[in-house]
Amino acid sequence: MRFEDVWALRNVSLTLNPGETRIIFGAAGSGKTSLLKAVIGLVNPDEGEILLYGRNICCLKEEELFALRAHAGFLFQEGGLFDSLTIGENVEYPLTNRQSIEAHRDAPFGPDSPIEDPEQRVREALRFVELEHTFNQFPSEVSGGMRRRVGIARAIVTEPPLVLYDSPTAGLDPITANLIMALIAKERDTRNIASLIVTHRYQDAELMANFHYDAEAGELKPLEENDEASSQDGTKFIVMKEGEIVFFGSRREMESCEDEYVTKFIRRET
Amino acid sequence: MGRVLTTLIASFQEFVFLAGRAFLNLVRRPHYYTDVLLQMDIIGVGSIPIVVLTGFFSGAIIALQMSRALNTYGASSQVGSIVALTLVRELGPVLTALLVAGRNASGIASELGSMKVTEQIDAMRALGTDPVQKLVTPRLTATAVMLPCLTVVADSIGLFGAYLVAVPLLHIISGGSYWSSSWRALVLNDLTQGLVKPLLFGIIISLVGCFYGLRTTGGTQGVGRATTQAVVAASIWIFFVTFLIDKIFVNL
Numbered sequence: 001m002r003f004e005d006v007w008a009l010r011n012v013s014l015t016l017n018p019g020e021t022r023i024i025f026g027a028a029g030s031g032k033t034s035l036l037k038a039v040i041g042l043v044n045p046d047e048g049e050i051l052l053y054g055r056n057i058c059c060l061k062e063e064e065l066f067a068l069r070a071h072a073g074f075l076f077q078e079g080g081l082f083d084s085l086t087i088g089e090n091v092e093y094p095l096t097n098r099q100s101i102e103a104h105r106d107a108p109f110g111p112d113s114p115i116e117d118p119e120q121r122v123r124e125a126l127r128f129v130e131l132e133h134t135f136n137q138f139p140s141e142v143s144g145g146m147r148r149r150v151g152i153a154r155a156i157v158t159e160p161p162l163v164l165y166d167s168p169t170a171g172l173d174p175i176t177a178n179l180i181m182a183l184i185a186k187e188r189d190t191r192n193i194a195s196l197i198v199t200h201r202y203q204d205a206e207l208m209a210n211f212h213y214d215a216e217a218g219e220l221k222p223l224e225e226n227d228e229a230s231s232q233d234g235t236k237f238i239v240m241k242e243g244e245i246v247f248f249g250s251r252r253e254m255e256s257c258e259d260e261y262v263t264k265f266i267r268r269e270t
Numbered sequence: 001m002g003r004v005l006t007t008l009i010a011s012f013q014e015f016v017f018l019a020g021r022a023f024l025n026l027v028r029r030p031h032y033y034t035d036v037l038l039q040m041d042i043i044g045v046g047s048i049p050i051v052v053l054t055g056f057f058s059g060a061i062i063a064l065q066m067s068r069a070l071n072t073y074g075a076s077s078q079v080g081s082i083v084a085l086t087l088v089r090e091l092g093p094v095l096t097a098l099l100v101a102g103r104n105a106s107g108i109a110s111e112l113g114s115m116k117v118t119e120q121i122d123a124m125r126a127l128g129t130d131p132v133q134k135l136v137t138p139r140l141t142a143t144a145v146m147l148p149c150l151t152v153v154a155d156s157i158g159l160f161g162a163y164l165v166a167v168p169l170l171h172i173i174s175g176g177s178y179w180s181s182s183w184r185a186l187v188l189n190d191l192t193q194g195l196v197k198p199l200l201f202g203i204i205i206s207l208v209g210c211f212y213g214l215r216t217t218g219g220t221q222g223v224g225r226a227t228t229q230a231v232v233a234a235s236i237w238i239f240f241v242t243f244l245i246d247k248i249f250v251n252l
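Sequence lines, in order, name chains A and B.
Residue 192 in the numbering used here sits at position 192 of the first sequence, and the numbers go up by one each step.
Residue 12 in the numbering used here sits at position 12 of the second sequence, and the numbers go up by one each step.
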């Protein structure tokens, strides 16, 4: 994929199964966001193919893509919230939108059962990100971190099997950043979804690789030795440079990597 | 020179594609009726005060100027028919369209431009909504329906403004003669022209506004640039199209 004369993505090959997490690192302009957008067909590659839920989206028309996209969650870097809608309406949007699409077009997963109480679902999603009290507020009335959390609520309200997160913690204080990553891990482990995360913070990746959400205790807990081994399989780290994947592997493999570019993204204990 | 021409042709092609998709969506579901009504309120009802004022003063000014000129030829009694023809055929549609272009092409471009630079358009596509269906087609429908209505309002108020000047103010003609000469001056060709023009202008204003809004780049500065470009382009297109329609109707 090129933007004018510059390669945005080149020789990229990636598979993501349910329950798996891929964390993407890379310098600015290395193609991280382009990769995320390409997964749901927001940008099209010049060559190659992208399979989303088994369908090659490169051959689909934009109209056919809408129905597929409605089954994936996407968190934009700045939240991408509609500023003329309240937070409640923003989170409700994917629910009503998906139903109106599937009422009129061929639904890729068969028709959705109608949601009896959309407001209840919206409130549940907002409760998940601990922001139910902002239901009637507008996005401009809450902080940047809260907008990001509303973005997560909007991405997961339809319970999609795949959620893409574009720099969910960029520009946030460590406390809010950790809270957001905890929510992402909670969502992954509660519903066994596939997650693709772009981040600049190594701590975010460590949290996703080393912790799991304990539903009984209602909190994140560090993985045991055995669990950690299985997590190494499910959670893979990717490093991108100038549109190419220069590293793909587990956390341990990344930490033992000697490549100068890759090591720049690892937080070293001093 | 070649590069500029290529860019112009590419932009026009992009515009035609957008227009094609917007029209195709008129017969494609889902339809966003609430958005159409909302836009009709913003574009139509919201423009009434400015259209009423402009229409009134346009009619009054034409009556003032024409009464003087007609008096020279001893044809003051024709003021009603002159005002009616000028307003219905030309000034009503063009002035109303220019006002709505200034008010709404800029509004549409800045709204969509802001949505573009804050990733709201991409978010809409990511959520599975066609931005053309959700944003462009409702604005196209609303403007194409409301601009002819606004033009009828502007024409009527303009005729009333001219009446106030010609009858109570200058006493050059009686009220009955003014209204009957105005009515008799208009034929089907004039009325058709007076309604076809705002319909086409409405399509132009909405599509130009949406086109510049959706191709906005470069943050808030880009939004300002898109807004200006939308108003300028819409105004130029209005004059160009009115010339074409006049050429067609004059030959009919």
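Backbone N, C-alpha and C define an ideal beta-carbon position, used for all residues, glycine too.
From a predicted model like this one, the values you see are computed outputs, not experimental measurements.
Taking the alpha carbon of residue i as the point to measure from, which residue in the options has its own alpha carbon closest?
i         : options                                    : result
B/Val-88  : B/Arg-225, B/Asp-155, B/Gly-219            : B/Asp-155
B/Thr-141 : B/Ile-245, B/Leu-164, B/Gln-193, B/Phe-201 : B/Phe-201
B/Gly-102 : B/Ile-236, B/Ser-174, B/Gly-20, B/Gln-133  : B/Ile-236
B/Leu-61  : B/Leu-169, B/Leu-8, B/Met-124              : For clarity, residue 61 of chain B is Ile in the given sequence; the question names Leu instead. Residue B/Leu-169 is the option with its Cα nearest to B/Ile-61.
B/Arg-125 : A/Met-240, A/Cys-257, A/Lys-37             : A/Lys-37
B/Ile-205 : B/Gly-224, B/Ala-75, B/Ala-230, B/Ile-48   : B/Ala-230
A/Arg-252 : A/Asn-90, A/Thr-235, A/His-200, A/Gly-79   : A/Thr-235
A/Tyr-261 : A/Val-239, A/Ser-250, A/Gly-249            : A/Val-239
B/Phe-192 : B/Gln-78, B/Ile-50, B/Glu-14, B/Ile-248    : Here residue 192 of chain B is Thr; the residue named in the question, Phe, does not match the sequence. Nearest of B/Gln-78, B/Ile-50, B/Glu-14, B/Ile-248 to B/Thr-192, Cα basis: B/Ile-248.
B/Phe-12  : B/Thr-242, B/Ala-233, B/Leu-244            : B/Ala-233
B/Arg-21  : B/Val-187, B/Val-132, B/Asn-189            : B/Val-132
A/Tyr-202 : A/Ile-24, A/Asn-11, A/Pro-94               : A/Ile-24
B/Ile-82  : B/His-171, B/Ala-226, B/Tyr-163            : B/Tyr-163
B/Gly-219 : B/Glu-119, B/Leu-8, B/Met-1, B/Gly-128     : B/Glu-119
A/Val-157 : A/Gln-120, A/Ser-140, A/Gly-145, A/Gly-171 : A/Gln-120
A/Leu-14  : A/Val-6, A/Leu-35, A/Trp-7                 : A/Leu-35
B/Leu-186 : B/Pro-49, B/Ala-84, B/Gly-55, B/Thr-242    : B/Ala-84
A/Ala-215 : A/Thr-190, A/Phe-66, A/Thr-263, A/Ala-185  : A/Thr-190
B/Gly-113 : B/Thr-242, B/Thr-227, B/Val-250, B/Phe-243 : B/Thr-227
A/Trp-7   : A/Glu-47, A/Thr-21, A/Glu-219              : A/Glu-47
Short of 8 Å in beta carbon distance, which residues of its chain neighbour residue i, apart from the five on each side in sequence? Order them along the chain.
i         : result
B/Ser-58  : Leu-87, Leu-91, Gly-92, Leu-95, Ala-154, Gly-158, Gly-161
B/Asn-104 : Ile-42, Ile-43, Ser-47, Thr-143, Ile-205, Ser-206, Gly-209
A/Leu-126 : Ile-87, Gly-88, Val-91, Glu-132, Thr-134, Phe-135, Val-150, Ala-153
A/Lys-241 : Gly-26, Ala-27, Ser-30, Tyr-261
A/Pro-45  : Met-1, Leu-9, Ala-38, Cys-58
B/Glu-14  : Phe-211, Arg-215
So residue i and residue j are in contact, right, with Cβ under 8 Å, and what is the actual spacing, rounded?
i         : j         : result
B/Asp-130 : A/Glu-63  : 7 Å
A/Thr-83  : A/Phe-138 : In the sequence as displayed, the identity of residue 83 of chain A is Asp instead of Thr. Confirmed, about 7 Å.
A/Gly-31  : A/Gly-243 : 4 Å
B/Met-115 : B/Ile-108 : Between B/Ile-108 and B/Met-115 the Cβ distance is about 11 Å, and since that is not below 8 Å, they are no contact.
B/Phe-240 : B/Leu-18  : Going by Cβ atoms, the distance from B/Phe-240 to B/Leu-18 rounds to 19 Å, so no, they are not a contact pair.
B/Leu-150 : B/Val-208 : Incorrect: roughly 17 Å between the Cβ atoms, too far for contact.
A/Ile-245 : A/Glu-255 : The Cβ separation is near 18 Å, so there is no contact.
A/Arg-148 : A/Ile-180 : 6 Å
A/Leu-207 : A/Ala-185 : 6 Å
A/Pro-118 : A/Leu-95  : 5 Å
If you drop the 5 nearest sequence neighbours on each side, which residues of the same chain put their C-beta closer than 6 Å to that of residue i?
i         : result
A/Thr-270 : Interpretation of A/Thr-270 is limited by its pLDDT of 39, a score under 50 that renders its predicted location unreliable; the figure taken from the coordinates is listed afterwards. There are no such residues.
B/Lys-134 : Tyr-32
A/Arg-123 : Glu-132
B/Asn-71  : none
Among the residues of its own chain, which have a CB less than 7 Å from the CB of residue i, if the five just before and after it don't count?
i         : result
A/Leu-68  : Leu-52, Tyr-53, Arg-55, Ile-57, Pro-108
B/Met-40  : Ala-142, Val-145, Met-146
B/Asp-246 : none
A/Asn-136 : Thr-86, Gly-88
B/Leu-195 : Pro-148
B/Ile-172 : Ser-67, Ser-76, Val-79, Ala-166
A/Cys-257 : Phe-247, Thr-263
For residue i versus residue j, is the C-beta spacing smaller than 8 Å?
i         : j         : result
B/Ala-97  : B/Pro-198 : yes
A/Pro-168 : A/His-71  : no
A/Ala-197 : A/Pro-18  : The question names Ala, yet the displayed sequence has Ile at residue 197 of chain A. No, Cβ-Cβ distance for A/Ile-197 and A/Pro-18 is not below 8 Å.
B/Glu-111 : B/Gly-175 : no
A/Leu-16  : A/Gly-73  : no
B/Ser-181 : B/Gln-78  : yes
A/Leu-183 : A/Val-142 : no
A/Asp-166 : A/Phe-237 : no
B/Leu-37  : A/Asn-97  : no
A/Ser-195 : A/Thr-33  : no
Tell me the start and end of each unbroken alpha helix (DSSP H) in the segment 176-262 of chain A that is at least 4 residues and wholly inside, in chain order. Note on the segment 176-262 of chain A: whole alpha helix (DSSP H) runs with a minimum of 4 residues are 202-210, 225-234, 251-255, in chain order.
Could you pull out every unbroken beta strand (DSSP E) segment of at least 3 residues lying fully inside the segment 60-140 of chain A, listed in chain order? 72-75
Minimum length 3: unbroken beta strand (DSSP E) runs contained in the segment 32-94 of chain B: none
Runs of alpha helix (DSSP H) lying entirely within the segment 114-195 of chain B, each at least 4 residues, in chain order: 120-126, 137-164, 175-185
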